[in-house]
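Under the UniProt record's numbering, think of the first position of the sequence shown as 1, with each following residue one higher.
Heads up, the thing below is written out as structure tokens.
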Amino acid sequence: MSEWFTTKELAGFSIPGLPGTARNILALAKREEWVSRPREARGGGREYHISSLPEVARIALARRAFDPDAPYEKRDDDATYTPCVRGERNRGQARLYAVNMFKVFVAHSGLQGGHARAAFCHLYNNPTKAYDLQIPEWVRDYVYRLNHRTFEAWIRKANRQGIEALKGNYGHREGKGTIDNDPKLRDFCATQIETRAQLTANQLIRGVNAQFGVTIPKRTMQRWMSAFKKKHAAELLSMQDPDRAKSKYQAAFGSSSENVVALNQVWEIDATPADVMTIEADGTRKRMNITGIIDVYSRRAKILVTATPKAVAATAVLRKAILDWGVPDTIKTDNGKDFVSTHFKRALQDLRIGHHLCPPFTPEGKPHIERFFGTMARDLLSLLPGFVGHNVSDRKAIEAQRSFSQRFGSANEVIDIKLSAAGLQELCDEWIENHYQRSQHSSLKGKTPMQMAYFWTGGVRRVPNDRILDLMLMEAPDKDGIRVVGKKGIHVEATAFIAPELGPRIGKRVHVRVDPCDMGRIHVYTLEGEFICVAEAPERTGADRREIARMARILQQRVINGARETARRRAKQYRPHLLADQIAKEAADKAETVLAFPNATTPHETPATRAAADNLSAIEGTHKRHELTPEEEEMADRALAELEEQSKPEVVKLENKRWGDDPPPAKFGYEWVIWARRHRHELNDQQEGDLCAAEMDVDMMVMVHAMTDEKPPED
């Protein structure tokens with residue numbers, strides 16, 4: 001075999017590892033500085049030594065005398081063939097065998113180009129006795145049939161890249177590419193993709209070039225980005241669109257209804273904007289809100305269309321469900337302000353319904369009502385006039401249905417709006433009643449919500465009277481309905497409401513509920529939820545204000561008298577007038593048990609203190625006295641006795657004309673109190689208690705006489 005070849009000869013061999021044309025081979029030879037010599041034959045030119053060719057090309061030239069019956073075996077020292085598993089290796093060998101068979105076919109058939117490929121593929125796919133290519137079975141195991149276009153691509157890849165390209169996307173060890181081999185480059189590219197969802201390969205190539213001074217081929221970057229996004233699809237989506245990632249990838253192996261085994265055991269309630277625009281009588285266009293409730297066990301559902309998702313709407317749809325289904329054990333809600341309002345929570349508390357709050361931003365905590373909203377949006381709302389789409393992309397698609405000339409005017413004219421809020425409510429109720437509740441659910445094992453409720457044999461709790469339910473679900477006025485009962489009654493919306501039962505509660509806090517159907521009355525409860533009365537506004541109801549005031553004073557006086565009697569009984573038992581003496585005695589007893597050690601002292605003297613000490617001595621008579629004679633002392637004693645006799649007051653004993661030392665006959669009267677006060681030291685314990693209770697009545701009597709300008713009995 002010759003060791004020198006011209007570029008034309010190399011191009012004619014169509015060997016792997018070399019370009020397919022003489023011009024491109026010549027450019028490659030100049031770029032890689034192949035060993036060459038002048039051609040001695042006619043025409044001149046240069047010849048290139050086989051040692052300068054790529055290794056795969058040298059191997060192919062050595063096997064030019066190819067035996068069709070012998071399978072091609074790639075040697076382990078082929079530099080361009082990455083080691084891989086046996087199946088992947090044989091796949092590339094089988095495809096290369098077919099390519100080489102085609103070259104033999106071209107040499108013997110005289111066909112060229114597309115005609116040769118078409119004929120070869122036909123004979124390969126439809127072997128006959130007359131025209132059998134004698135393809136080995138191991139080749140057909142990997143290449144059962146040949147497609148004309150696919151086979152053309154194999155030939156092109158074999159000519160340019162060799163067997164490495166024919167084995168397909170197999171055998172490339174992960175993490176061994178240009179980008180993965182450089183940890184800093186890999187982390188840089190990964191960071192850019194994680195933070196920029198719309199990043200393109202060209203942008204990332206420019207960023208890599210600016211950061212590292214390396215130019216990555218575009219196709220290499222595209223393949224790496226595609227592989228990275230495919231491998232880390234869940235992580236990327238969680239960073240770029242958390243809600244969608246939670247819906248698509250979050251594990252949902254359990255069942256949120258697995259432990260729900262009874263009708264009305266758990267309800268779920270939620271609110272969502274309607275996907276339909278409505279129009280009111282005045283022409284106002286508005287997107288309403290839908291508040292829905294569902295029974296988890298049976299999947300029965302009800303909805304209410306309102307302008308805004310307020311607590312009133314939540315209690316209204318709750319009322320509808322309770323009247324038709326009964327009272328639930330527990331209700332699941334999110335942390336929306338309409339579901340954590342005082343009005344809604346008080347309604348649940350009064351009905352003794354458990355309230356389960358889902359954690360914030362966890363719609364999966366109440367999946368059944370979320371699924372119901374999705375079903376209604378797809379099956380009903382998307383078919384209604386005024387449908388605006390489930391999201392922005394749907395809205396844009398709806399707008400795109402109109403031509404530019406149709407959309408040139410007002411933006412609101414893009415959506416055809418013909419439905420009112422009342423009409424939307426009616427259509428939703430009909431869809432729920434006639435379609436949803438009569439459709440089989442896979443989660444109900446093929447049963448319908450209506451069947452689940454019909455075949456329930458357990459008990460159902462119900463409110464005995466619709467009016468009772470209405471009273472319990474009444475809305476409270478501002479300040480959460482808390483009011484202080486004043487002397488003029490309870491003030492609600494600048495109106496005073498009065499009732500006889502409010503008399504004893506003046507100055508106390510109460511809870512008020514307003515009946516929207518009767519603006520002249522309010523319903524008053526204690527803060528603990530106990531009913532007190534129905535208060536009226538006389539100017540609205542025509543009630544007799546004087547009679548109500550009279551009854552209020554009577555009830556108030558009853559309460560006061562009861563409090564007095566209770567205080568009198570307590571005073572007899574605990575003797576509050578002795579409290580000060582008991583405290584003083586207790587303090588004295590404790591003081592006797594503790595003695596303080598004296599501190600070491602030193603005298604402190606100044607000229608001023610010495611002068612004061614002399615003055616004190618003179619006052620106290622510490623100076624030396626003048627000695628008196630016996631006669632002087634006797635005169636002084638007589639004078640002192642005369643002075644004492646003159647200064648003694650005259651005592652006249654008065655006769656007690658009203659009573660003596662004995663107590664008056666009328667016990668607890670004013671005269672008895674005066675007598676007991678004068679003889680307090682002679683009273684026993686029982687009389688002490690009687691005196692304390694009587695003094696309270698006497699003091700009260702004094703106050704009454706003071707208010708009526710009367711004087712109490714004189715002592």
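All C-beta atoms, glycine included, are put in the ideal place defined by N, C-alpha and C.
Would you tell me roughly how many angstroms separate the C-alpha atoms of residue i and residue j, rounded to the nearest one?
i           : j    : result
C428        : H355 : 27 Å
D637        : R610 : 36 Å
K248        : L26  : 55 Å
Y436        : H523 : 40 Å
I155        : L96  : 9 Å
L357        : K572 : 53 Å
L123        : R145 : 10 Å
Q93         : A377 : 55 Å
K246        : G365 : 12 Å
V99         : L133 : 13 Å
T6          : L237 : 56 Å
residue 716 : A321 : Nothing about residue 716 can be reported from this structure: the residues present for the chain run from 1 to 715 only.
T315        : F344 : 6 Å
Y454        : S298 : 9 Å
D180        : K218 : 16 Å
G44         : R23  : 16 Å
E413        : Q440 : Reliability of the predicted coordinates at E413 is poor, the pLDDT of 47 falling under 50, and the value obtained from them is presented with this limitation in mind. Taking the straight line joining both Cα atoms gives about 39 Å.
Y525        : V484 : 12 Å
S256        : P367 : 8 Å
P127        : D141 : 15 Å
S405        : Q265 : With a pLDDT of 42 at S405, under the threshold of 50, the predicted position of this residue should be treated as unreliable, though the coordinate-derived value follows. Going from the Cα of S405 to the Cα of Q265 covers about 55 Å.
T195        : R352 : 49 Å
T601        : A613 : 19 Å
E433        : Q451 : 13 Å
R37         : W4   : 9 Å
M225        : D241 : 19 Å
I135        : Q222 : 38 Å
Could you name the residues that DSSP lists as bridge partners for residue i?
i    : result
R509 : V484
F531 : Y525
W4   : H49
D478 : Looking at the DSSP assignment, D478 forms no beta bridge with any residue, so it has no partner.
E536 : I498 and R521
A301 : I294
S36  : Y48
G489 : G486
F387 : V276
N289 : P273 and T306
I331 : W267 and H355
V514 : E475 and I522
Count the other CB atoms, across all protein chains shown, that sit within 10 Å of the CB of residue i; report buried if there are 16 or more and exposed otherwise.
i           : result
D379        : exposed
D324        : exposed
residue 737 : With the chain running from 1 to 715 in the structure shown, residue 737 is simply not present.
D295        : buried
V139        : buried
A706        : Here the model assigns A706 a pLDDT of 45, short of 50, so the residue's position is not dependable, and the following value carries that caveat. It is exposed - the Cβ of A706 has fewer than 16 other Cβ atoms within 10 Å.
E539        : exposed
F66         : Confidence in F66 is poor, its pLDDT being 42 and thus under 50, which makes the residue's placement too unreliable to answer from.
V35         : exposed
D69         : In this predicted model, D69 has a pLDDT of only 39, less than 50, meaning its place in the structure is not dependable; the value taken from the coordinates is given anyway. D69 should be labelled exposed.
Restricting to Cα atoms, I'd like to know which of the options is closest to residue i.
i    : options                   : result
A347 : P359, R319, F373 and T362 : R319
E280 : R352, F228, G542 and S420 : S420
F188 : F228, W675 and A494       : F228
R149 : R285, A119, S257 and K231 : A119
L383 : P367, K418 and I369       : K418
I506 : V514, A494, I490 and R521 : I490
D350 : H368, Q250 and P328       : P328
F531 : G44, I468, A210 and G423  : I468
D690 : R569, Q582 and A496       : R569
S443 : N465, G177, L471 and R371 : R371
A271 : D141, R553, P363 and P183 : P363
F13  : E152, R31, W34 and N159   : N159
P273 : L640, G389 and P477       : G389
L18  : A57, L199 and R206        : A57
R39  : E47, S341 and E33         : E47
E528 : V512, A537 and R521       : V512
message = Restricting to runs no shorter than 4 residues, where is the alpha helix (DSSP H) found entirely within the segment 210–277?
response = 218–231, 233–240 and 242–249
Runs of alpha helix (DSSP H) wholly within the segment 578–605 (minimum 4 residues, chain order) = 579–592
task = Please go through the segment 92–138 and give each complete beta strand (DSSP E) segment of 3 or more residues, from N-terminal end onward.
result = none
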